[in-house]
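Residue numbers (my numbering): 1129 to 1343.
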């Protein structure tokens, strides 16, 4: 379902996106800026949407992570995998968590994947089995990443999308937590996922929740 704006949402002024040079992170950066947030993007390439504050650096570096999250109201981690490090997402996320604690930043959102953690129940059985085989290494990385987030003591939200596409956004999506009735399948345009993430980020009711998302 497409979540409607909540009257209890709080205003986030400064948002840092770790890995916002492309993909969902870049889409989120653009949406957040358009919504009036002050956006900082940290990436190794130093690239990102026009108008945001760009920092060049490796988010796995404590110094780079600390510089990126300093003064932020919220941090979003959207980093992908790395050929040279099968636990890249988890390593970066742990570094960001440590930096947030040092800088006194409490709000964290992490982009994971459907199939990670306890979210297998939200998938049709054949798809769940196929993902365990085909995506075993990425899911192991996400599992470690999610464990770090859930044990961080921060105000966290985990977003678990299905397959991501660059199709035109539909403007709607389905969001389920483990234990909800129904299943998620297929894919979701990155632009729709970014809009969903921004809404969840602004909604205090999403704190402490892991949400699966698909079209």
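The beta carbon of each residue, even a glycine, is placed where N, CA and C say it ideally should be. Owing to the predicted nature of the structure, the values given are computational and were not obtained by experimental measurement.
For residue 1202, the enclosing beta strand (DSSP E) starts and ends at 1202 to 1205. In this structure the stretch 1147 to 1162 touches the stretch 1176 to 1192; the number of beta carbon pairs closer than 8 angstroms is three or more. Comparing alpha carbon positions, the residue from 1245, 1332, 1270, 1343 closest to residue 1298 is 1343. Counting only the Cα atoms, residue 1181 lies some 8 angstroms from residue 1166. Non-local beta-carbon contacts of residue 1273 in its own chain, meaning distances under 6 angstroms to residues more than five positions away in sequence, involve 1217, 1218, 1221 in chain order. Linking residue 1229 to residue 1172 through their CA atoms gives a straight-line distance of about 22 angstroms. Ranked by how close their Cα comes to the Cα of residue 1320, the residues 1289, 1307, 1308, 1306 have 1289 in first place. Linking residue 1322 to residue 1329 through their CA atoms gives a straight-line distance of about 10 angstroms. Around residue 1245, the same chain offers 1271, 1274, 1338 as residues with beta carbons nearer than 7 angstroms, after the five sequence neighbours per side are excluded.
Put simply, the backbone Cα of residue 1183 is about 36 angstroms away from that of residue 1312.
Between residue 1146 and residue 1233, the beta carbon gap of about 12 angstroms keeps them out of contact (Cβ cut-off 8 angstroms). Counting the other CB atoms within 10 Å of its CB gives residue 1317 a total of 16 or more, which places it among the buried residues.
With fewer than 16 other Cβ atoms from the protein chains shown falling within 10 Å of its own Cβ, residue 1190 counts as exposed. Assigned with DSSP and collapsed to three states, residue 1153 falls in helix.
Each residue's CA atom was taken as its position, placing residue 1280 and residue 1292 some 27 angstroms apart.
Proximity to residue 1301 across 1141, 1315, 1208 peaks at 1315, based on C-alpha coordinates. Residue environment for residue 1149: buried (at least 16 other C-beta atoms within 10 angstroms of its C-beta).
Sixteen is the threshold: when 16 or more other Cβ atoms of the shown chains lie within 10 Å of the Cβ of residue 1240, as they do, the residue is buried. Annotation for residue 1235: 1202, 1283 place their beta carbon closer than 6 angstroms to its own, counting only its chain and skipping 5 residues before and after.
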